[in-house]
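The numbers in the sequence shown follow our numbering, run straight up by one, and end at 47. Here is the structure we will look at.
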Amino acid sequence: MGGIVGTKMSNFGLEEALNELGYKFERAEVGDKYVSEMLVKGLVTWW
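Rendered as structure tokens:
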């Protein structure tokens, strides 16, 4: 299963908090296009 995706502009505190909860946090370039690409590649999941 993939993790959670944010952009390079996402707050670092969010990444740290998610990691502490056991979630993998991936960063994409800024824009829906790049977040969608990560979903298509299966690097993260949609739920």
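All residues carry an ideal CB built from backbone N, CA and C; glycine is no exception. This one's a predicted model, so the numbers in the text were calculated from it and none came from an experiment.
One thing to note: residue 33 has its Cβ no nearer than 9 angstroms to the Cβ of residue 3. Taken in chain order, the complete beta strand (DSSP E) segments of 3 residues or longer contained in the segment 16-40 are 25-28. Secondary structure at residue 13: helix, using DSSP grouped into helix, strand and coil. Remark: three or more beta-carbon pairs, one from each stretch, lie closer than 8 angstroms, so the segment 29-43 and the segment 2-18 are flagged as touching. Shown here, residue 6 sits in a strand according to DSSP, grouped into three states.
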